[in-house]
Each structure stands twice: as C-alpha cells, then as structure tokens.
Amino acid sequence: MNGAVRPRVLIVGGGYTGVCLAVQLVRQSTQPLDITLIEPRAQLGQGMAYSTTDPDHRLNAPTYVHTVIPQDAWHFTRWCQAKGLNRHDPQALHADGARYMRRSDFARYLAETLQSHAQGAVNGCRITHCQDQALDAQRTSSGWRLTTRGGQVLQADMLLLATGNPPLRLPAPFAVNWRDHPAVIENGLDTQRLKRIPRDARVLVLGGGLTARDALATLLGQGHAGPLVVMSRRGLMPKPQGPVLPVLEKIDLPGVLDQLPGGVLMDRLANPVPDFLKQAGPAPTVRALLRALRQRIGQVSAEGVGWTVPFDELRDGLWQLWPQLSSVQKQRFFQRLRVWYDVHRFRSVPQTDTTVQKALVAGQLQFWAGQVQAVTQSSSGPGLQLGLSLKLGGGRQFSAEVFDAVVNCTGLDTAAGLAENPLLQALSAQGHLRLDDARMGLAVDTQCCALNAAGLAQVDLRVLGPATLGTFGDPIGAMFIGGHVVRTVPDMLQVLQGS
Ligand SMILES: Cc1cc2nc3c(=O)[nH]c(=O)nc-3n(C[C@H](O)[C@H](O)[C@H](O)COP(=O)(O)OP(=O)(O)OC[C@H]3O[C@@H](n4cnc5c(N)ncnc54)[C@H](O)[C@@H]3O)c2cc1C
Numbered sequence: 003m004n005g006a007v008r009p010r011v012l013i014v015g016g017g018y019t020g021v022c023l024a025v026q027l028v029r030q031s032t033q034p035l036d037i038t039l040i041e042p043r044a045q046l047g048q049g050m051a052y053s054t055t056d057p058d059h060r061l062n063a064p065t066y067v068h069t070v071i072p073q074d075a076w077h078f079t080r081w082c083q084a085k086g087l088n089r090h091d092p093q094a095l096h097a098d099g100a101r102y103m104r105r106s107d108f109a110r111y112l113a114e115t116l117q118s119h120a121q122g123a124v125n126g127c128r129i130t131h132c133q134d135q136a137l138d139a140q141r142t143s144s145g146w147r148l149t150t151r152g153g154q155v156l157q158a159d160m161l162l163l164a165t166g167n168p169p170l171r172l173p174a175p176f177a178v179n180w181r182d183h184p185a186v187i188e189n190g191l192d193t194q195r196l197k198r199i200p201r202d203a204r205v206l207v208l209g210g211g212l213t214a215r216d217a218l219a220t221l222l223g224q225g226h227a228g229p230l231v232v233m234s235r236r237g238l239m240p241k242p243q244g245p246v247l248p249v250l251e252k253i254d255l256p257g258v259l260d261q262l263p264g265g266v267l268m269d270r271l272a273n274p275v276p277d278f279l280k281q282a283g284p285a286p287t288v289r290a291l292l293r294a295l296r297q298r299i300g301q302v303s304a305e306g307v308g309w310t311v312p313f314d315e316l317r318d319g320l321w322q323l324w325p326q327l328s329s330v331q332k333q334r335f336f337q338r339l340r341v342w343y344d345v346h347r348f349r350s351v352p353q354t355d356t357t358v359q360k361a362l363v364a365g366q367l368q369f370w371a372g373q374v375q376a377v378t379q380s381s382s383g384p385g386l387q388l389g390l391s392l393k394l395g396g397g398r399q400f401s402a403e404v405f406d407a408v409v410n411c412t413g414l415d416t417a418a419g420l421a422e423n424p425l426l427q428a429l430s431a432q433g434h435l436r437l438d439d440a441r442m443g444l445a446v447d448t449q450c451c452a453l454n455a456a457g458l459a460q461v462d463l464r465v466l467g468p469a470t471l472g473t474f475g476d477p478i479g480a481m482f483i484g485g486h487v488v489r490t491v492p493d494m495l496q497v498l499q500g501s
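First residue of the sequence shown? That's 3 in this note's numbering, and the numbers climb one at a time after it.
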C-alpha cells in the first residue's frame, strides 16, 4: 500500500453498484479516503439499467427495495416525497399503495445522493468522477496502476470492479453484420432507434423478459398501431408482482414514514435460510430445493398465502444457499431452470402489464414460443424474411414470416459480456481474474475478493454486482447488490486502514 495519508480507491463503473460502493465507503469509513469513480457516461448513477429517458420505463419493484443506503430502506421513498414526485408522477402509484417510480428518477436520486457524499462533508472523504473508460490495470509494488482510453493513468490502493450488465447482443443465427441493418435493433433498450420504427410496422420482439416489456412500453406508448409479436424459446411471460408490505397503503399519511424501521431490507437479507429450505439437506441439489419450494407453496396456499411469499424467501436466502451447491448443480440451474426462475423472480411492472394486457386483448400483440432459424432480406420490402421454428400444441412447425423490424431483447449474457470488456480481459490475461465454477461470471470469495488464476483471494481487488452471478446465484437486483456492498465494505475498510 502507498503509505499516503489518504488511501486511494478506484471504482470502475458508475452505475448503481459503483455509486452504492462510493456512498457506503464514505458512510462507513473512519478515515478520509480518495475515491475515484471511472465511468464514461456523463451522469453517475445511470448505468445501463437507469439511463433510460422513457417515462414508461419504471422500476420493477416498490421504492423501499431501491435505496442506495440499504440500512435505511425508506431513503429513496423519502427523497421521492421531498421532490414532490408523488404529485408530479401520479401514475407511479399502484392500487396496493406501492409506487413504481420512473427509472430516470432513480438515476437522479443516485446522482444527488452521491453528490451529497462527495465533497468531504461527511467525514473528509472525496469522490471524483473520471469520465473515461478503464482499459488496463497492472499490479504495482504499492497497489494498482490503471490506464484509461483517454490516456489517464491512475494509482490506487484498492481496485473495485463494478462493471455491471453486459450489452445486449443479437442471438444466433443473426451474424454480426445484421447489427447494421436498418430493420434490426440489436439493443431493445435503445429508445431513439425504437422511436424511428413506423407506427404501422409489423414488429418482432425477441425475448420475453423485462427488457421486452420495456420495448413494448416504448412502442405502445408512442402509439404503435401495427402488429407486435413477442417471441421467446418457451413463450414464458414474467409473472405479475405479488403483495407488497401492508404499510405501503398508509405510507403517504403524515408521520408514518418516520416511524418505519430502516433495517427491514438488511434484516431480510441477513435472515437465516428458512427451515423449509433446510429440508433439502446440507449439500442440496437443485431438484431437492425445488421440491421443498413446491411443498411449501402447497402448504401456504392452503392457508390463503400466495406463491410469491415462499419464493421470495428462497430468493432472499439464495446467496447463502448457493455456495453449498456443487458446480454441476449450479450449471444445471443455469441451463435448465433459470428461465423459469427468472419469470417468477423478475416480475412485471403493473403499469407496463396493464399496457401489454390491453394490446393483447385488442389482438394487436401475440406471444409466440419459438426460435429464429434463418434470416434473409425480404424480397418485397425493406424488412426481413425470417424462418421460424414455432412450438405449437406439443409439436414444432416451420413458418416463414416477414417483419418490418426486429427488436432484440435477449443476450444479457454475463459471461459473454466479460469477454467484451477490455479491462476485465486485461486483468484475466494477467491471471488476476478467473471465471467462477459455473462459468457465469467472475469468481469471488464471500467478501467479494476476486480469486486469481491460482484460486487465491485478492483483498485489494474486488468484484460486485451482476458479474458475481455464478458465485451468489442472484446478485442482480439493486436490493441484493446493496446488501453485498453493505456486508463487504467493513472488510475493505479494514484492509485500507492497514495501508
Ligand atoms: C434494463 C434493466 C433494468 C433494470 N431494472 C431494475 C429495477 O427496476 N430494479 C432493480 O433492482 N434492478 C434492476 N435491474 C438490475 C440491475 O442490474 C441492477 O439494479 C443495477 O442497476 C446494476 O448496476 P451496475 O452498476 O452493476 O450495472 P450497470 O447498470 O450495467 O452499470 C455498469 C456501468 O459500468 C460502466 N463500465 C463498464 N465497464 C467499464 C470500464 N471498463 N470502464 C469504465 N466504466 C465501465 C458502464 O458504462 C456502466 O455505466 C435492471 C437491469 C437492467 C439491465
């Protein structure tokens, strides 16, 4: 370590994870730190998830699971009240009292909260934004030396990787050159491209998850009148949200918010694994966990409780259970069960659901189960001719279809994304990073220390956020990322104190 008075921390990535790390380091540190966030976007806090400007792109869960201070579950809720968003964005309110805020407002909240921690006011810590892309990092005798695309060289005692979600990529059989075709939109979150689709176009949306819901929200929100088809391999759709905390019904009443315990979120994550899941044994298999979950759902539904309650208990305890699974079991989960897990886990935003249901009832929208097998330029116009293999009534049928536009909402593939990131590639090539045993992301220990090629944990190189998917099973949502940040920052600070 450098021997300087202020330990220096470099955080690569300025999305939710990077911002949460910076805020938590400041709040928990007892000594001044120099923190630099390296992020090419002009606004910190946006990342891939919250950079959308479409007002119909909303957070997929209520305000209390979206906080950058997980020790204070109601921090974002209070910010929304203080900014008058309840008045300015009345559509955020759902019938059960929960508010599903615009993702762009969450980005604004993250940027403002970061700003309030940035200038040494809390405990002398400073946060600087280096608006650039990190390309390479080398270990030195005193820490890390990082270089950016813009030619800057930064030194640090600790390097934190918060590089987040991989870019959306077209699936096979689309070759790379289809990216440039005017009828193909590789990134279904690119609202500027979606806006240019003619209102009467016949559009195929590839993928059935929440990204597809966002694309539908944009298209239908701009008055799209042409036919829309959403196609995914199994034709599964995200489930609707389950019941939320009963207190949300009263949250806008004077004084209610002030009396709520801030620790509800962290308590939920710290809870011991529920007993019904322990039935799966000390070295559980995915099948045994699924059996235990099904049994529990059967039991509670007899008492009038919905499936989301036991499912959420599994989700919240997964980070503790996951390390007990063998590599084979983890791979089995990702290959066979993840798609089912995801439609129950990533539930649709009620406002978007209403829009989608209307289009479905009107016959404008259809959901198909199938795969693209062949792509050619349409001979009759600027669109594409697609050879589709469709699942129909237990069998498969080949169908040739012409679409004016194809919107890709698949390919959020963590492991493939790592290979595209120059910094992660450089660190892997030097042996500082390696894939986890499920080959879904980067290998880390329980404190999020990166494991090197020899399997040794590096206390001054940590990885947080979606890249730890294979190690923790489900570290994707803000609440879970925040939980891991709060849990691991004390260990980071202890290491920095020894510097
Ligand atoms: C479209 C979408 C919507 C979502 N909605 C929700 C939601 O409503 N609620 C929820 O809880 N979760 C949601 N999620 C999950 C989301 O993963 C987390 O909530 C969280 O935002 C992840 O933050 P992140 O900073 O790790 O990743 P990202 O948001 O992907 O940000 C990573 C950042 O790192 C930067 N970066 C990468 N490599 C480098 C480099 N080499 N140098 C410099 N910078 C680099 C990128 O520019 C990017 O800004 C959503 C995810 C997506 C993709």
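From the three backbone atoms N, C-alpha and C, an ideal C-beta is built for every residue, glycine too.
Everything numeric in this text was worked out from a predicted model, so none of it was measured.
Hey, is residue i close to ligand 1, as in C-beta under 6 Å from one of its heavy atoms?
i	result
residue 468	yes
residue 49	yes
residue 14	yes
residue 290	no
residue 114	no
residue 43	yes
residue 189	no
residue 301	no
residue 40	yes
residue 429	no
residue 17	yes
residue 475	no
residue 75	no
residue 165	yes
residue 62	yes
residue 421	no
residue 425	yes
residue 136	yes
Where does residue i sit, in a helix, a strand or coil, going by DSSP?
i	result
residue 309	coil
residue 411	coil
residue 237	coil
residue 378	strand
residue 130	strand
residue 82	helix
residue 16	coil
residue 76	coil
residue 364	coil
residue 4	In this prediction, residue 4 scores a pLDDT of 49, lower than 50, which makes its location untrustworthy; the coordinate-derived value is nonetheless stated afterwards. Of the three classes helix, strand and coil, the one that applies to residue 4 here is coil, per DSSP.
residue 262	coil
residue 417	helix
residue 269	helix
residue 403	strand
residue 484	helix
residue 1	Only positions 3 to 501 of the chain appear in this structure, which leaves residue 1 out of reach.
residue 398	strand
residue 2	This structure does not reach residue 2, given that the chain is present from 3 up to 501, and the question cannot be answered.
residue 224	coil
residue 372	strand
residue 124	coil
Could you tell me which residues DSSP pairs with residue i in its beta bridges?
i	result
residue 101	95
residue 493	In the DSSP output, where bridge partners are listed per residue, residue 493 has none listed.
residue 138	149
residue 156	148
residue 37	11 and 129
residue 242	350
residue 29	DSSP output for residue 29 lists no bridge partner at all.
residue 451	464
residue 393	398
residue 60	104
Would you mind giving the Cβ-Cβ distance between residue i and residue j, rounded to the nearest angstrom? I have them listed as a contact below 8 Å.
i	j	result
residue 65	residue 101	5 Å
residue 46	residue 123	Actually they are not in contact, since the Cβ atoms of residue 46 and residue 123 sit about 17 Å apart, beyond 8 Å.
residue 163	residue 464	7 Å
residue 132	residue 38	5 Å
residue 299	residue 99	Actually they do not touch by this definition, with Cβ atoms about 25 Å apart.
residue 484	residue 72	4 Å
residue 34	residue 126	3 Å
residue 207	residue 231	7 Å
Does the Cβ of residue i lie closer than 6 Å to at least one heavy atom of ligand 2?
i	result
residue 480	No copy of ligand 2 appears in this structure; the ligands present are ligand 1.
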